[in-house]
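*Asks:*
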Amino acid sequence: MVKPRFQRNLLRAPAAVPLTILLLLGALGTSNPGGGVPPAGPGAPSPSPAPLAGKVIVLDPGHGGPNPGSIGVGPTPEKDNVLAIGLYAKELLEAAGAKVVMTRSADVDPSVGTPWEGQPTGQLDARVATANNSGADVFVSIHNNYNNDPSYTGIQVYYDVNRPESAPLAQALHQALLTTLGAADRGLMDGSWLKVLRETRMPAVLLEIGFLSNPDEAYRLSTPAFRRQAAQAIYQGLLSYFRAGSG
Ligand SMILES: [Zn+2]
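All letters in the sequence shown, in the order written, are residues 0 to 246 by numbering that gives the first Met the number 0.
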């Protein structure tokens with residue numbers, strides 16, 4: 000979860016999207032997880048043995064250590080879910096030839112041992128520094144959402160609208176998450192108030208994958224099967240982003 004100062008849905012009214020289109024997207028999601036991109040991954044045919052060769056990708060599992068993120072109503076907190084998703088995504092991306100830099104690879108505060116340790120925004124500063132020192136092509140932060148209304152479910156994707164270079168990345172990941180997970184669309188949002196999106200120096204996006212306030216999604220996020228599916232969505236989104244030549 001991130002704590003918004005304001006929220007503006009860049010698609011303005013996801014509720015106004017015709018139901019038939021949502022159903023169509025859902026149907027596509029079951030038959031073609033890539034939404035137009037051929038399925039790839041270990042064991043699957045791929046047009047190139049290493050479609051992401053030469054790409055450097057920062058994966059940023061949110062929170063960690065003493066900061067659990069959202070606790071929610073499920074068996075596992077946000078910090079555990081997003082780390083697992085990130086580590087699965089790392090495997091898929093590396094198998095496709097990418098270099099992956101993790102802002103954390105364990106249940107730790109990423110600022111520990113850095114100049115930002117103990118600072119109020121130290122966790123975030125450390126993540127930004129890791130990204131900016133990595134020579135990365137893209138930055139992908141992974142979170143779970145929370146709402147006081149337990150009926151809320153689905154996917155929300157943030158990028159800084161003042162950094163238009165991040166828009167194609169946000170669009171590709173938003174689409175891949177919706178189709179691969181068959182999830183509700185909670186919007187493509189302005190995240191210009193988020194430090195990790197504002198201060199990173201490469202296209203940057205923050206994914207809110209599922210709501211820990213919803214019993215069904217909170218449970219699913221604790222399972223290896225759903226975590227792998229979310230990782231597959233991130234992988235497919237990055238594949239379509241780089242194949243489109245955006246990166
Ligand atoms: Zn979070």
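Each residue gets a CB set at the ideal place from its N, CA and C atoms; glycine is no exception.
For Arg103, count neighbouring C-beta atoms within 10 Å of its own C-beta (all shown protein chains included) and say buried if the count is 16 or more, exposed if not.
*Replies:* For the purposes of this step, residue 103 is taken as residue 104 along the sequence shown, with counting starting at 1. Answer is buried; the Cβ neighbour count reaches 16.
*Asks:* Is the segment 192-203 touching the segment 159-169 in the sense that three or more CB pairs, one from each, lie closer than 8 Å?
*Replies:* Yes: at least three Cβ pairs fall under 8 Å.
*Asks:* Is there at least one non-hydrogen atom of ligand 1 closer than 6 Å to the beta-carbon of His173?
*Replies:* What you label residue 173 is simply residue 174 of the sequence shown in a count that begins at 1. Checking the Cβ of His173 against ligand 1 gives no.
*Asks:* Mind reading off the beta-carbon distance from Thr129 to Val107? Whole number of angstroms is fine, and I expect it under 8 Å.
*Replies:* Along the sequence shown, read from residue 1 onward, the residue named residue 129 stands at position 130. Along the sequence shown, read from residue 1 onward, the residue named residue 107 stands at position 108. Wrong, their Cβ atoms sit about 13 Å apart, outside the cutoff.
*Asks:* Could you check which residue in Gly71, Leu51, Val127 and Pro48 has the C-alpha nearest to that of Ser212?
*Replies:* Counted from its first residue, the sequence shown places residue 212 at position 213. Residue Gly71 is the option with its Cα nearest to Ser212.
*Asks:* Just the residues with CB closer than 7 Å to a heavy atom of ligand 1, in chain order, which are they?
*Replies:* Going by the Cβ distance cut-off, the answer is Met0, Val1, Gly61, His62, Gly68, Ser69, Glu77, His142 and Asn143.
*Asks:* Assign Gly112 to buried or exposed, taking buried as 16 or more other Cβ atoms, counted over all protein chains shown, within 10 Å of its Cβ.
*Replies:* Here the question's residue 112 lines up with position 113 in the sequence shown. It is exposed - the Cβ of Gly112 has fewer than 16 other Cβ atoms within 10 Å.
*Asks:* Are the beta-carbon atoms belonging to Ile56 and Ile141 less than 7 Å from one another?
*Replies:* Along the sequence shown, one-based indexing puts residue 56 at 57. Along the sequence shown, one-based indexing puts residue 141 at 142. No, these two residues do not count as a Cβ contact at 7 Å.
*Asks:* Using DSSP bridges, identify the partner residues of Pro60.
*Replies:* Here residue 60 refers to the residue found at position 61 of the sequence shown. Paired residues: Ile141.
*Asks:* Just list the residues that DSSP pairs Phe210 with in beta bridges.
*Replies:* Numbered from its first residue, the sequence shown carries residue 210 at position 211. In the DSSP output, where bridge partners are listed per residue, Phe210 has Asn144.
*Asks:* Using DSSP with H/G/I as helix, E/B as strand and the rest coil, what is Ala203?
*Replies:* Stepping through the sequence shown from its first residue, residue 203 is reached at position 204. Here Ala203 sits in strand by DSSP.
*Asks:* Within the chosen definition, does the segment 216-225 reach the segment 184-194 through at least 3 CB pairs nearer than 8 Å?
*Replies:* Cβ pair count under 8 Å is below three, so no.
*Asks:* Return the first residue and the last residue of the alpha helix (DSSP H) that Gln252 is part of.
*Replies:* Residue 252 cannot be examined here, being either before or after the span of the chain that is shown, 0 to 246.
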